[in-house]
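Participant: The sequence shown begins at 6 in this note's numbering and counts up one residue at a time.
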Amino acid sequence: DDDDDDDAATFYARWPYREPRDVIPYLERRATRGDGASILEAYDAFFARYPTYALGRAKAALLGRELDRAPKLECCVEIGTFLGYSAIATAMRFKSARARMLCVEYEARHAEVARWALAYAGLDDRVRVLTAAGSEAVGDARAFVESVKGVGTTEGADVLFLDHAKERYLPDLKLYEDAGVVRPGTIVVADNVVYPGAPGYLEYVDSSAGRYDTHLLEAMFEYEQVWKGEEGGPKKDALSVSVKRA
């Protein structure tokens, strides 16, 4: 039977969600091992019942189009991995056999599920999940870049994705710039820059400031997608895509 056709009471009784790892049995039932797309579909179905802050289908499609246009997609760093949704969506688009990704997740219970999901998708040999705060993982990220591109490389990561504590976007971006993780040509993608918003971030990466070439990809705030009836309706949001200038 199709669990998604269950009425709400039946679904919640069958698939309780008290802690992050409670999603795993549902993914095992709904998704096919080794099929990242089916895992994302299962996440979408589950979180239609339990609203959360995962990237979601609409934003994943926008991100995917940007990644497909990237000159290189071999060295990716993500800060704020949550349960691995965006990591799977990114790694599924790797074309090079040498492409690798480092994910940094502060919450150990989230990192545990992300590791499981990446292994279930068959991507754990290409994506590493580090349990740490973004500000504490700068050295790890630089070492990761050198492991992919060679010790002493003058290049940074191809893509840096920010989706962690919004007040940390700007200070952490500066840390990653200083460490050489972000260098000319690096694409920095940041979620939720309109709502809830990241203090000072858009002003810093705005094209007029001369540091980055930036454009916004408008989308609705993922957490409120299912609450169409709320006063004021769902909130408008956006992903920002910024290419570091020389």
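Yeah, the Cβ is synthetic: ideal placement off N, Cα and C, and Gly gets one too.
All figures in this text were calculated on a predicted structure; none of them were measured in a lab.
From which residue to which residue does the beta strand (DSSP E) around Glu112 run?
Facilitator: Neither: Glu112 is in no beta strand (DSSP E) and is coded neither H nor E.
Participant: Out of Asp73, His115, Thr136, state which residue places its alpha-carbon closest to the alpha-carbon of Leu263.
Facilitator: Since the first residue of the chain shown is 6 and the last is 251, residue 263 is not available in this structure.
Participant: What does the Cβ neighbour count give for Gly234, buried or exposed, with the cut at 16 atoms within 10 Å?
Facilitator: Confidence at Gly234 is low in this model, with a pLDDT of 43, below 50, so its placement is unreliable and the value that follows should be read with caution. Looking at its Cβ environment, which holds fewer than 16 other Cβ atoms inside 10 Å, Gly234 is exposed.
Participant: Between Arg133 and Leu107, how many whole angstroms is the CB-CB distance? I'm expecting something under 8 angstroms.
Facilitator: At roughly 5 angstroms, the Cβ-Cβ gap stays under 8 angstroms, so Arg133 and Leu107 are in contact.
Participant: Compare the beta carbon distance of Tyr181 and Ala146 with 8 angstroms and say whether it is the shorter of the two.
Facilitator: Yes, these two residues count as a Cβ contact at 8 angstroms.
Participant: What's the gap between the Cα of Gly144 and the Cα of Asp12?
Facilitator: Their backbone Cα atoms lie some 48 angstroms apart in a straight line.
Participant: Under three-state DSSP, which class holds Tyr217?
Facilitator: Strand.
Participant: Assuming Cys81 contacts Ala142 (C-beta within less than 8 angstroms), just tell me the rounded distance between them.
Facilitator: No, Cys81 and Ala142 are not in contact; Cβ-Cβ is about 14 angstroms, not under 8 angstroms.
Participant: For Ala148 and Tyr174, I'd like the C-alpha separation in whole angstroms.
Facilitator: Roughly 21 angstroms separates the two Cα atoms.
Participant: Since I believe Leu128 is in contact with Val96 (beta carbons under 8 angstroms), could you give me their beta-carbon distance rounded to a whole number of angstroms?
Facilitator: The sequence as given places Ala at residue 96; Val does not occur at that position. About 5 angstroms; that satisfies the 8 angstroms criterion.
Participant: If distances are taken between C-alpha atoms only, which option among Leu221, Tyr31, Ala126 comes closest to Gly39?
Facilitator: Of the listed residues, the one whose Cα sits closest to Gly39 is Ala126.
Participant: Alpha carbon to alpha carbon, how far is Thr37 from Val246?
Facilitator: If you take the alpha carbons of Thr37 and Val246, they lie about 32 angstroms apart.
Participant: On a Cα-Cα basis, can you pick out the residue from Gly69, Arg19, Leu178 that is closest to Arg54?
Facilitator: Among Gly69, Arg19, Leu178, the Cα nearest to that of Arg54 is on Arg19.
Participant: Note down, in chain order, each residue of its chain lying with its Cβ closer than 7 angstroms to the Cβ of Pro201, except the 5 sequence neighbours on either side.
Facilitator: Lys171, listed in sequence order.
Participant: Ala224 to Arg103, Cα distance in whole Å?
Facilitator: Cα to Cα, the separation comes out at about 32 angstroms.
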